[in-house]
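A short worksheet on the structure shown next.
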Amino acid sequence: MKSLRMLTIGAALLASSTVMAADLRVALQDDPDVLDPHLARTFVGRIVFTSLCDKLVDINDKLEVVPQIATEWTWNDDNTVLTMKLREGAVFHDGAVIDAEAVKANLDRARSNDESLRKSELASISDVKVVDANTLEITLKAADAGFLAQLTDRAGMLMSPASFDKNPGQNPVCSGPYKLVDRVQNDRIVLEKFADHWNADNYHFDKVTFTPIPDATVRLANLRSGDVDIIERVAPSDLPTVESDANIKLSSVTGLGYQAIEVNMANGAKADHPLGKDARLRQALNLSIDRDVINEVVGAGTYTPALQAFPPASFAFNEEFGNQKRDVEKAKALIKEAGFDRVPVEISYGNNTIMQQVFELVQAMGAEAGFDITLRPTEFAALQSALKAGDFYVGQSGWSGRVDPDGNIHQYVSCGGGLNDMKYCNEEVDRLLNAARTTSDTAERKKLYDEAQVILQQDMPVIYLFYLPWPFAHKASLEGFIPVPDGMIRLENVKLAQ
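Residues -21 to -1, 1 to 477 (mature numbering (1 follows the signal peptide of the UniProt record, and there is no 0)) make up the sequence shown, in order.
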């Protein structure tokens, strides 16, 4: 009996081990906001969406657009009509078929819903037509060189139309390889495998749990103790620890995005402050910041200084603006010219370890030039709501980046941009950015972006700080994970060896 009992216990333990090996635990830097891709705005939310919601198209690690729900696509001769063939047999989590009618319903909602943050991303669309059950025709107002790239993110994500009026922000019904089973705000998001997904055989976890852990050192400690399996955004100061631990592995890639500061210029009562009213003060704050120090002290050499929306790898990058250095004396002169001795500034930012360090440096640097900066740390999802509502004077603005340069700038600084929390509006900037969308000639597009940047450098609605690397760390036993420059965690063909 004792032998039989030991065998039974051993079998139970083996089964338990197998179940645990089929689960994945992911630690995020912040807690996502709403889980409705048309209304969401956080980077960590995009990481969750990558497992939760299929898109029309995706990108790979080479930044090539690849099929997802759309299996093939063609443009007409003047690049104003995009015809997409949809995958047959794909279904939403509620069992409804993903057909052209459902895709049209998603695109129509994303570009017309009053609260949608995707409207500016899809502003080029003039009509969406169902050709047949598996064929969709999207007509643009004019050629848009960045349009297909927009569909590789939330603008191209699909939810069951039947869920639109059932609070999808809390109860999303998407079509990805995993579906939502539980969410506890600031604690966890739990997904389970969707057995009817068209690519289910290539997803090997029964459950994926996302846990927000804002403290970078605590995130790493959880990985080293085995409480989580993969973490995003390893702190630069922790890189030596990761590299010296044989039980974990660093997987890093250069990103497409940036961290910045945005200034409220016309969004409610808090736009009535010195920086919001005078471009000279915004220029002075920009000049007071030593990005090389941020790179060295916080980034350990991984936070490449940024002074524009476009990373150095982009054809739109302007070297003239990219080489600007700190100039405290010029900053002081601009402050004096604007009629101030000292300038009060409140900066709101996400309350995680890295941003605390960054903005404490900005605070000290600004003080030398004449800015009295107070810091307002805020839970990240709450910060996003505050920015949208205009409940800020100066706020942290982070962007994970897009393949096409249009995705890094248009919706932030165009007059009707979905992420233009500042309510900055310059009609000439709009004209230039819209013109850059309508040509596929790279040299012409760069010329237009250069002209827009001259204006933006004067108006200074956004003060860029550094470009984002994406350093992931995971258990050495995690196989098949490939970091992609958009910073997403893609789980296709990823396994946790037993």
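For each residue, glycine too, the CB sits at the ideal point set by N, CA and C.
- Closest option to P464, judged by alpha-carbon separation, among S293, G278, A84: S293.
- Note that the C-beta distance between I209 and F451 is below 8 Å.
- Annotation: V382 to A141 spans about 32 Å, alpha carbon to alpha carbon.
- Setting aside the 5 residues that flank it on each side, F359 is surrounded in the same chain by D9, G329, each with a C-beta closer than 6 Å to its C-beta; the list follows chain order.
- Under DSSP, D106 takes part in a beta bridge, and its partners are T118.
- In this structure, P462 sits away from S99, with a CB-CB distance that is not shorter than 8 Å.
- Where Q375 is concerned, the enclosing beta strand (DSSP E) starts and stops at 373 to 378.
- By the 16-neighbour rule on beta-carbons within 10 angstroms, V27 is buried.
- The closest CA to that of R133, considering only I434, L31, S376, F296, is found on L31.
- Check the Cα spacing between L235 and each of N302, G377, V36, I168: the tightest is with G377.
- Residue burial annotation: V45 is exposed, with fewer than 16 other C-beta atoms found within 10 angstroms of its C-beta.
- By the neighbour-count criterion, in which 16 or more other beta carbons inside 10 Å mark a residue as buried, N274 falls on the buried side.
- Closest by C-alpha distance to P11, out of D166, A455, A431, is D166.
- Runs of the alpha helix (DSSP H) lying entirely within the segment 401 to 467 and spanning at least 4 residues, in chain order: 406 to 416, 421 to 438.
- In this model, D37 and K83 are separated by some 18 Å (Cα to Cα).
- Taking each of V213, Q129, P16 in turn and checking the Cα distance to N331, the smallest one comes out for V213.
- C-alpha of N85 to C-alpha of L435: approximately 33 Å in a straight line.
- A contact is defined here as three or more CB-CB pairs under 8 Å, and the segment 251 to 269 meets this definition with respect to the segment 426 to 441.
- Secondary structure of G24 (DSSP, three-state): helix.
- In the structure shown, F338 falls within a helical segment according to DSSP collapsed to helix, strand and coil.
- Under the three-state reduction of DSSP output, S327 falls in the strand class.
- For D33 against G148, the beta-carbon gap comes to about 18 Å, at or over 8 Å, which does not count as contact.
- Pairing D217 with A195 gives a Cβ-Cβ distance under 8 Å.
- Under DSSP, F189 takes part in a beta bridge, and its partners are V5, I168.
- In this model, C153 and Y182 are separated by some 16 Å (Cα to Cα).
- Under the three-pair Cβ rule at 8 Å, the segment 332 to 341 counts as touching the segment 275 to 285.
- Q47 and R4 have their C-alpha atoms roughly 25 Å apart.
- Around the beta carbon of R469, 16 or more other beta carbons sit within 10 angstroms, so the residue counts as buried.
- DSSP places E100 in the coil class of the three-state scheme, outside both helix and strand.
- For R162, the CB contacts under 8 Å within the same chain, skipping 5 residues up- and downstream, are L14, Q149, I168, V169 in chain order.
- The shortest CA-to-CA distance from E94 to any of N55, N146, F71 is the one to N146.
- Annotation: the segment 201 to 282 contains the following complete segments of the beta strand (DSSP E) (minimum length 3 residues), in chain order: 227 to 242.
- Bridge pairing for T50: absent [DSSP].
- Distance from D385 to A415 at the Cβ level is roughly 7 Å; contact confirmed, criterion being Cβ atoms closer than 8 Å.
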